[in-house]
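Only one structure is covered here, and it is reproduced in the block below.
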Amino acid sequence: MSRVAIVTGGGRGIGAATAKKLAADGMAVAVVDLDESTAGETADAIKQAGGTVIAVGADVSDAAQVAAAVERVAAELGAPTVLVNNAGVLRDNLLFKMSDDDWETVMSVHLRGAFLFSRAVQKHMVDAGYGRIVSLSSTSALGNRGQANYATAKAGLQGFTKTLAIELGRFGITANAVAPGFIATDMTQATAKRVGVDWDDFVKNAVSQIPVGRAGAPEDVANTVSFLVSEGAGFVSGQVIYVAGGPRA
Ligand code: NAP
Numbered sequence: 011m012s013r014v015a016i017v018t019g020g021g022r023g024i025g026a027a028t029a030k031k032l033a034a035d036g037m038a039v040a041v042v043d044l045d046e047s048t049a050g051e052t053a054d055a056i057k058q059a060g061g062t063v064i065a066v067g068a069d070v071s072d073a074a075q076v077a078a079a080v081e082r083v084a085a086e087l088g089a090p091t092v093l094v095n096n097a098g099v100l101r102d103n104l105l106f107k108m109s110d111d112d113w114e115t116v117m118s119v120h121l122r123g124a125f126l127f128s129r130a131v132q133k134h135m136v137d138a139g140y141g142r143i144v145s146l147s148s149t150s151a152l153g154n155r156g157q158a159n160y161a162t163a164k165a166g167l168q169g170f171t172k173t174l175a176i177e178l179g180r181f182g183i184t185a186n187a188v189a190p191g192f193i194a195t196d197m198t199q200a201t202a203k204r205v206g207v208d209w210d211d212f213v214k215n216a217v218s219q220i221p222v223g224r225a226g227a228p229e230d231v232a233n234t235v236s237f238l239v240s241e242g243a244g245f246v247s248g249q250v251i252y253v254a255g256g257p258r259a
């Protein structure tokens, strides 16, 4: 049976790779991004590969926009029963320099965004008696210098995931988190820039601490999400899978 999946922050990076992978798995995919034209680029690539897709512009932290996005997906593709909470931002700073806005923005996009989207799609999942929710955590949930806001949000998503698993399990819905380590995307490139380290040196330094001896690619995360949202993963719920090339960050 063909499922309808929503991938937030699907315009680039991990979200784009995940949207492409789920479409290749046979799902109809709604690519949600702040910027509808960025979502459109991912959607065009999926269309060209023969997939079924729509691009939706929405800010995950805005309740009205989230509700409208989910309604549009249900009307155009069918009831969404797969959700990947992937949209994310960084506002890194040491605690003494972190502004109120740095804190609020990160909480809004990661935590409020995952909450709003999960709440909006759960009705469709409960009605279908089936659902798969995957939220993007991070190895930063274990603590990371300069990321008091982000580490808090990513740890929060783990608690959110475990609670959804407990509440929604009886309706055939699983909830899991994927916690990537170092993945080469625009986000990590922006971090290298912010700390003033040349990208190649930044990657080299990260790789020196990764047991499998390479940087992660968006596809590494997409493949893991693909498993967790598959029908066959129905007895895996409330878990946090670290996709980090080793046991730790
Ligand atoms: P990325 O390249 O920066 O992409 C993030 C995407 O989220 C962008 O398309 C962005 O849209 C979108 N987005 C941001 N705010 C949004 C909002 N309010 N509403 C809707 N969409 C929004 O990041 P990434 O590296 O692929 O990361 C994806 C996820 O994995 C994030 O949750 C991140 O925290 C997590 N993660 C990444 C790494 C890593 O090493 N890269 C490691 C651990 C966890 P615009 O393009 O319009 O800004």
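Be aware that the sequence shown starts at 11, since it is given in this note's numbering, and climbs by one per residue.
Glycine included, every Cβ here is placed at the ideal spot set by N, Cα and C.
These numbers were taken from a predicted model, which means no experiment stands behind them.
Below 7 Å, is the gap between the Cβ of D43 and the nearest heavy atom of the ligand NAP? yes
Using 8 Å as the threshold, is the segment 205-213 in touch with the segment 236-250, meaning 3 or more CB pairs across them? no
When you compare each of D111, V14, M37 and A97 to Y82 by their alpha carbons, which one comes out closest? Just to set this straight, residue 82 is Arg in the shown sequence, not Tyr. Nearest of D111, V14, M37 and A97 to R82, Cα basis: V14.
Let me know the secondary structure DSSP gives G156 once reduced to three states. coil
To the nearest angstrom, how far is the alpha carbon of P257 from that of A189? 11 Å
Ordered along the chain, which non-local residues of its own chain (more than five positions away) have a Cβ less than 6 Å from that of N154? A161
According to the Cβ coordinates, are R224 and G255 closer than 8 Å? yes
For L104, count the other beta carbons within 10 Å of its own beta carbon; 16 or more makes it buried, fewer makes it exposed. Which is it? exposed
Can you tell which of G98, M135 and S12 has its C-alpha closest to the C-alpha of A26? G98
Measure the C-alpha to C-alpha separation of K107 and L178 and round it to an integer number of angstroms. 39 Å
The beta strand (DSSP E) with I251 in it runs from where to where? V250 to V253
What do you reckon, is the C-beta of T195 under 7 Å from a heavy atom of the ligand NAP? yes
Under 8 Å: do the segment 44-61 and the segment 128-135 share three or more Cβ pairs, one atom per stretch? no
Taking P221 as the reference, give the member of W209, G191, G242 and A200 with the closest Cα. G191
For D196, count neighbouring Cβ atoms within 10 angstroms of its own Cβ and tell me buried if that reaches 16, exposed if not. exposed
R258 beta carbon near the ligand NAP (any heavy atom closer than 7 Å): no
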